[in-house]
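A.B. asks:
There are 2 protein chains.
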Amino acid sequence: MAVIGKSARRIEGLEKITGAARYTEDLRLPGMLHARLLLSPHPRARVAAVGAEAARAVPGVAAVVTAAELARLGAGARGLLAGAITRYAGEPVAVVLAATEQAAADGLEALRGASRFEALPAVMTIDEAMRPDAPLVRESTEVEEGDAQAHATVAVQTQRAERPSNIANRVTFSRGNAGEALAQARVVVRRTYATSRIHQGYLEPHATVATTDPGTGELTIYTATQGTFYVRNEVASALGLSQQQVRVVPMTVGGGFGGKILLFQPLAGALTRLVGRPVRLVLTRADDFAATEPGPASRIELELGAEASGALLTLRARIIFDAGCEPGAPLSIASLMLGGYYKFPNLEIEAVEVLTNKPKTGAYRAPGVPQATFAIESAMSELAGLLGEDPIAYRLRFAAAPGDPQPHGRPWPKMGLRQVLEALDRHPLRRRPKGPDEGIGVAIGGWPGGLESASACVRANTDGTFQVVMGAVDITGTATTMALIAAEVLGVPPERVRVITADTHQAPYAGMSGGSKITYTVGSAVRLAAEDARRQILAIAASHLEARTEDLEIVEGTVRVKGSPTVTLPVAEIAAMSMRFGAKYPPVFGQGNTVITRQSPGFAGHLVRVRVDRETGAVHLLEYAIAQDVGFAINPAAVQGQMLGGVAQGIGWGLFERMAYDESGSLLTATLSDYALPRAPHVPRVDTIMVEVPSDDGPFGAKGVGEPPVIPAAAAIANAVADAVGARVTDLPITPERVLAALGAAAD
Amino acid sequence: MAVIGKSARRIEGLEKITGAARYTEDLRLPGMLHARLLLSPHPRARVAAVGAEAARAVPGVAAVVTAAELARLGAGARGLLAGAITRYAGEPVAVVLAATEQAAADGLEALRGASRFEALPAVMTIDEAMRPDAPLVRESTEVEEGDAQAHATVAVQTQRAERPSNIANRVTFSRGNAGEALAQARVVVRRTYATSRIHQGYLEPHATVATTDPGTGELTIYTATQGTFYVRNEVASALGLSQQQVRVVPMTVGGGFGGKILLFQPLAGALTRLVGRPVRLVLTRADDFAATEPGPASRIELELGAEASGALLTLRARIIFDAGCEPGAPLSIASLMLGGYYKFPNLEIEAVEVLTNKPKTGAYRAPGVPQATFAIESAMSELAGLLGEDPIAYRLRFAAAPGDPQPHGRPWPKMGLRQVLEALDRHPLRRRPKGPDEGIGVAIGGWPGGLESASACVRANTDGTFQVVMGAVDITGTATTMALIAAEVLGVPPERVRVITADTHQAPYAGMSGGSKITYTVGSAVRLAAEDARRQILAIAASHLEARTEDLEIVEGTVRVKGSPTVTLPVAEIAAMSMRFGAKYPPVFGQGNTVITRQSPGFAGHLVRVRVDRETGAVHLLEYAIAQDVGFAINPAAVQGQMLGGVAQGIGWGLFERMAYDESGSLLTATLSDYALPRAPHVPRVDTIMVEVPSDDGPFGAKGVGEPPVIPAAAAIANAVADAVGARVTDLPITPERVLAALGAAAD
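These protein sequence lines are chains D and W, in that order.
Just so you know, we're using the working numbering here: the first sequence kicks off at 694 and counts up by one.
Just so you know, we're using the working numbering here: the second sequence kicks off at 694 and counts up by one.
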């Protein structure tokens, strides 16, 4: 391989670190109006009055829009703002549109002052919500396939409630008889784990600029989204437009992590259609915390049973997701991973989602799986400890292998779980002597791998450079990966390949950048398209040089006859011959249409050494290692970046992050000072070990690497804390208070 | 055929006639500067002083740029403004950049007042230029293939001058011995014809907005051009950039006719790179007349000889083009048509281009051919008259047929010249009695047909609509034609097909919209791409319906099993199955890469009845008919529009248009009141007769239709005038003065 497999700098890196990258909020269109949202101050309230007149009196305010105005655009637009009753604190109720940002802020203040809400009884916790007399969060039983669910491409039928209920959906999986097996088990771990509602923590708040063409009625949406086609389809559907009338232009995404898929684009589109001027809707940080879709909190009741020999007997678990005000939590994928990592002869898993008066939850890196993994991997280490077994050796003994059934009965495909555990086993961190109050924790985590059809084009320019045209948004450096793939296939230096993420009017189809699937799926399409272009180049060269294509090769942008180094033809000349007046050859324009129907699961294993301060309860991370099966690292630097970023975010899950609400249902953590993201001093040096069990389907053996590294962190840290001081914390984040409480419990 | 062959409305028609269409000049970018050009007041002058300081003192003026500043961007940028010596009145010497249009105008006034030019001896006519002691217009002998030449895809080697000379290039063609044959001829026509310099007369002046990305240095050019890739390549080359760093965004073109290919885009690009802010360069009407590239004037010395029997013996001709200050006049194509329409046993043609101190000439609808045709078709009618033959019957007797050699020896391909003449022969206008001083004129004209490779994509949306993505700019309704082609192939109503002309970053390759080749070449690519998409749709349907693809058809957007009308599957569902999470099929995304290497020449024949006012010399057009071989009319309304527009522009050539210069070399006709375009009362009712001799290569038999209809008009009118009053006018336009002079000469 001339190009791939070597670390390459991210193409857009310089632009981003110098601040030159243009984000949606930098866009200015002539006549543009700035939007500010009036949010519901209560988790459940009757909207008694919207003080639109007061806001309209503010100089510069052009319009105040409520659900009633939006209804003029059709039924689909009605739900974009709250109606008579709000469902969460933070739900948008009205929009102020003004000529300047300041006027919009002033207008919003006037609007807020003149509006009245009557608080109604609300349900804020899953326990409140499940009470038979609890107020209903919603009246419908409709279930849309959630973004989060779709990420993992798992096809499982959910059982929706028969009549409106705060318990919206349920999935169950079983094998053998988990209850009987538990009764027979000699060693049992029985715990209830809890994880917090977690915000995706991207740097750039949600941002959309929408404009409508007065002549054609066409809508253009500039937006920081992970999925342009998805946004296009949803906007078209909400506003009753043809997909041809909606153009979604991808903008630089300032952090996504699943949180930048679809949110305010239909509202922005509706607003510009209503007022006939461009509309810029950029959330403030506080509004972003209050009104977007974080990952769901969970409660997982888990029982794990083994024979005295250590043989794993059974798993029984109940997963409850706090979905917020709309269903769509990742029940299936959480269940499949919870029960899928190990060979359980008996298992029984029930997962339900419960509605509460909080914002709907959405996708966050490996939706549902950090929660499930925190439970199962805490329990596995605890079980190994009870059995006196080494936690890695014990896992290796029962780790699922290709062909073993997953909870839904389908077999695991080719995967590298065993190889990841073996890599962890070999790691020197394992054998390093532990100081006082130090412990080592291990955990693994897996992601089944997303699937989606994709197309891509690779086009030559007549100066010998190339354009990759695709529809996939680059959120993690995938454009660089695509350039490397195309360069490798074409035999040109990677700097000659430019990658364009086209808008939805012009792009070949690609699914959203999420679920660890862009390299796997779009990368395959790019590889095919580049191979197509290469064939075309060689065919022209063969005709021109009077050689056979089999005898030709492309080296550094020049076609040459193997063995005759003087007979050469630059790719630039070939391209020029194919694109000009009176050309004899068709343009060099390669295309790839792909569908991969087999998943390539990705596994990561974490190893962490911690020291626990018994006085304060503080957990200090001393040393970290992650081994991950990446299939094949096309751009090792980018893969390593995913591993490091995953670990950092996983540390956030483990030690710091939670969205906290006060008793009245108001968000307490609505700023970046209150919402505790991990910072540089919290992340130790991380040793990254890439295990390469090549995928049979991904390009050059690559598989998805984005999701897996975040998954095991919280469990690994919890296991390390337990190893260090014998205190098991079962609630995330592992705060000093909880460590002290667990120490107290352990001492009792 | 369900869709094509029936007249369809132009997709963008409503937008244009309601004024909603957005043109380049409507664009406003934040921080944008408005540019105004300081033009040379003399045809040849030394630039003694540029009063930049005076202009910079005007409030709002941000910069004054001369060739010296541009030189900082590299050698390629230096030539974008005049250096020490100007070469024509109207040559841009400096640019004022200001925050508003008014400030730019004020700045220009100050600049003009403070700048000094010293007039130098200039050559304004071809006679002056050819004098041995004439000042040289340029020092170089380099020849670039001109836009105009390239239009017709004729590959002829020109002989460039060995040392700098005002006679820049020469081509010659010969067969047999023209001189000897002339000596033997019994009937000879010997004339010198002259045609004027003609402006393309588009409504929208040249307009470009250029902007540079401070982060990446990437240049974006929004411009009304007929050829985005051509502009991209030339801008990149002028500014020393990779083609990947230049994005050309096609804007609505307010009339092109060959005049909107490449002109001020490199300058606008250089300016924005220099000042780091967006630059808007929109010419005033006067500047557009003074500084753009019109069609060249010509002088054609022609001798035609026949035997007493009427048998055509020989043609001898010398074509002189007044190229303006740079070579690039359409020598070859003019020669090939001049000597190609008829079977001459002997011919000798020499064509030269002569440089003068006027703006460089460029392409104008059928470059060079109206000039050549005016000569040969005037002479053919005169010869027929001398022989007492009917002008159509005589032409039919000697009309070139497929297989006959053209002047360069290569055979004519399949074409419909004979069928066009036969259609004219049958037309009732021929047999209508003529009133006093009325005459009927006939002329034919042909265009070899352009060739260029092309790609296109046809992509399904999941609501059952489709996107055609191409790189070709729509200047004549071709987007509508592409929608019809795709709809026909796909089996969907045409309103479900949206055609996108993508920018050069994203588009499949297409050549410039000129030379009558977009339907022929890009249309073929669209047809292939639609066929590809159709195959993909049927393959999915076959798999889903468990049928064989041969048994399936698509009717009105639904796939059905032939003979089983109840077994159906909407195309929307098929598309949705191919583009979603976990899809089983690759996206429906069709691609077409084509090259056609055989030309399909197009011929038109005009028939016109005129009345000549012997007192005033005025020529009144009473009745007009045009027959044209269009191959196959995919959208008859669009084809008819081309025919009508061609006739109208041909009437301009024949009766009105010329760019006139005063003795000092200043343009006299720099406004639309002075430059006499034909107006509605000047154009009579035109009967359009479409002859369909299908092309073996174009989509559904279509061939190029844009160029041919303008070609014969001037000759047909001149022949009608001669038929009416016996006066032959050999200089265009046929003004009343010239008619009176010819009447006087005829009376002598």
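The C-beta atom is built at its ideal place from N, Cα and C for all residues, glycine as well.
Just so it is clear, the structure is predicted and the values come from calculations on it, not from any experiment.
Which residues, in order along the region 707 to 723 of chain W, keep a beta-carbon less than 7 Å from a beta-carbon of chain D?
C.D. replies: Glu708, Thr711, Ala713, Ala714, Arg721, Pro723
A.B. asks: Compute the distance between the beta-carbons of D/Ile1382 and D/Ile1427, then report whether it is under 8 Å.
C.D. replies: At the C-beta level, D/Ile1382 and D/Ile1427 stay beyond 8 Å of one another.
A.B. asks: Consider the Cβ of D/Val1288: report whether some Cβ of chain W lies at a distance smaller than 8 Å.
C.D. replies: yes
A.B. asks: So which of D/Thr1290, D/Gly772, D/Gly1275 has the shortest CA-CA distance to W/Lys1277?
C.D. replies: D/Thr1290
A.B. asks: Would the region 1220 to 1228 of chain W count as touching the region 1333 to 1348 of chain W if we require 3 or more Cβ pairs under 8 Å?
C.D. replies: Segments in contact, no.
A.B. asks: Span of the alpha helix (DSSP H) holding W/Ala745?
C.D. replies: 745 to 749
A.B. asks: Is there at least one Cβ from chain W nearer than 8 Å to D/Ala929's Cβ?
C.D. replies: yes
A.B. asks: Does DSSP put W/Asp840 in a helix, in a strand, or in coil?
C.D. replies: Interpretation of W/Asp840 is limited by its pLDDT of 48, a score under 50 that renders its predicted location unreliable; no figure is taken from the coordinates.
A.B. asks: Can you check which of these residues, D/Gly1081, D/His1299, D/Thr1169, is closest to D/Glu1316 by C-alpha distance?
C.D. replies: D/His1299
A.B. asks: Assuming the contact rule is C-beta atoms closer than 8 Å, D/Leu1040 and D/Ser867 should be a hit. Round their C-beta distance to whole Å, please.
C.D. replies: 6 Å
A.B. asks: Note down, in chain order, all residues in the region 1270 to 1303 of chain D with a beta-carbon under 8 Å from any beta-carbon belonging to chain W.
C.D. replies: Ser1271, Met1272, Arg1273, Phe1274, Gly1275, Ala1276, Lys1277, Tyr1278, Pro1279, Pro1280, Phe1282, Gln1284, Asn1286, Thr1287, Val1288, Thr1290
A.B. asks: Please classify D/Tyr1368: does DSSP put it in a helix, a strand, or coil?
C.D. replies: Residue state, collapsed to three classes: coil.
A.B. asks: Quick one: complete alpha helix (DSSP H) runs, 4+ long, within the region 1024 to 1072 of chain W?
C.D. replies: 1024 to 1031
A.B. asks: Any chance you could list the alpha helix (DSSP H) runs of at least 4 consecutive residues sitting entirely within the region 1251 to 1321 of chain D, in chain order?
C.D. replies: 1264 to 1271
A.B. asks: Is D/Glu1145 helix, strand or coil by DSSP?
C.D. replies: strand
A.B. asks: DSSP has D/Arg1241 in a bridge; who is on the other side?
C.D. replies: According to DSSP, which records beta bridges pairwise, D/Arg1241 is partnered with nothing at all.
A.B. asks: Mind checking which residues open and close the alpha helix (DSSP H) that includes W/Gly806?
C.D. replies: 794 to 807
A.B. asks: For W/Leu955, does the three-state DSSP call read helix, strand or coil?
C.D. replies: coil
A.B. asks: Judging by CA-CA distance, which residue of W/Phe1091, W/Gly806, W/Tyr1057, W/Glu718 is the nearest neighbour of W/Thr916?
C.D. replies: W/Glu718
A.B. asks: If we ignore side chains and look at the alpha-carbon of each, how far apart do W/Ile891 and W/Asp826 end up?
C.D. replies: 28 Å
A.B. asks: Which residue from D/Ala714, D/Arg715, D/Ser1359, D/Trp1346 puts its Cα closest to that of D/Ala1065?
C.D. replies: D/Trp1346
A.B. asks: Would you check if there are 3 or more beta carbon pairs closer than 8 Å linking the region 1090 to 1099 of chain W to the region 1006 to 1021 of chain W?
C.D. replies: Pairwise C-beta distances place the region 1090 to 1099 of chain W out of contact with the region 1006 to 1021 of chain W, as fewer than three of them are shorter than 8 Å.
A.B. asks: How far does the alpha helix (DSSP H) with D/Ile1178 in it extend, from its first residue to its last?
C.D. replies: For D/Ile1178, the enclosing alpha helix (DSSP H) begins and ends at 1171 to 1183.
A.B. asks: On the three-pair Cβ rule with 8 Å, is the region 1138 to 1158 of chain W touching the region 1026 to 1035 of chain W?
C.D. replies: Between the region 1138 to 1158 of chain W and the region 1026 to 1035 of chain W there are three or more C-beta pairs closer than 8 Å, enough to call the two in contact.
A.B. asks: Under 7 Å between beta-carbons, which chain D residues line up against W/His1198? List them in chain order, please.
C.D. replies: Gln1160, Ile1193
A.B. asks: Taking 8 Å as the cut-off, does the region 973 to 993 of chain D touch the region 1045 to 1062 of chain D (at least 3 CB pairs, one atom from each stretch)?
C.D. replies: yes
A.B. asks: Could I get the ranges of all uninterrupted alpha helix (DSSP H) runs contained in the region 888 to 938 of chain W, with 4 residues as the minimum, in chain order?
C.D. replies: 921 to 932
A.B. asks: In whole angstroms, what separates the C-alpha of D/Ala874 from that of D/Thr1007?
C.D. replies: 6 Å
A.B. asks: Identify whether W/Gly769 lies in helix, strand or coil by the three-state DSSP scheme.
C.D. replies: Note: W/Gly769 maps to helix in three-state DSSP.
A.B. asks: Pick helix, strand or coil for W/Glu784, following the three-state DSSP scheme.
C.D. replies: coil
A.B. asks: Tell me the DSSP secondary structure of D/Leu1361 in three-state form.
C.D. replies: coil
A.B. asks: Using the Cβ count rule (16 or more neighbours within 10 Å means buried), how would you classify W/Ile1178?
C.D. replies: Buried, since its Cβ has 16 or more Cβ neighbours within 10 Å.
A.B. asks: Since D/Val1185 and D/Val1264 should fall inside the 8 Å C-beta cutoff, what is the C-beta to C-beta distance between them, to a whole number of angstroms?
C.D. replies: 6 Å
A.B. asks: So which residues of chain W does D/Asp1167 contact, with C-beta pairs closer than 8 Å?
C.D. replies: In chain order: nothing, as chain W lies at least about 14 Å away.
A.B. asks: Taking a contact to mean a Cβ-Cβ separation below 8 Å, would you say D/Phe1067 touches D/Ala1408 in this structure?
C.D. replies: yes
A.B. asks: Between the alpha carbons of D/Asp1322 and W/Ala728, how many angstroms are there, rounded?
C.D. replies: Cα-Cα distance, rounded: 58 Å.
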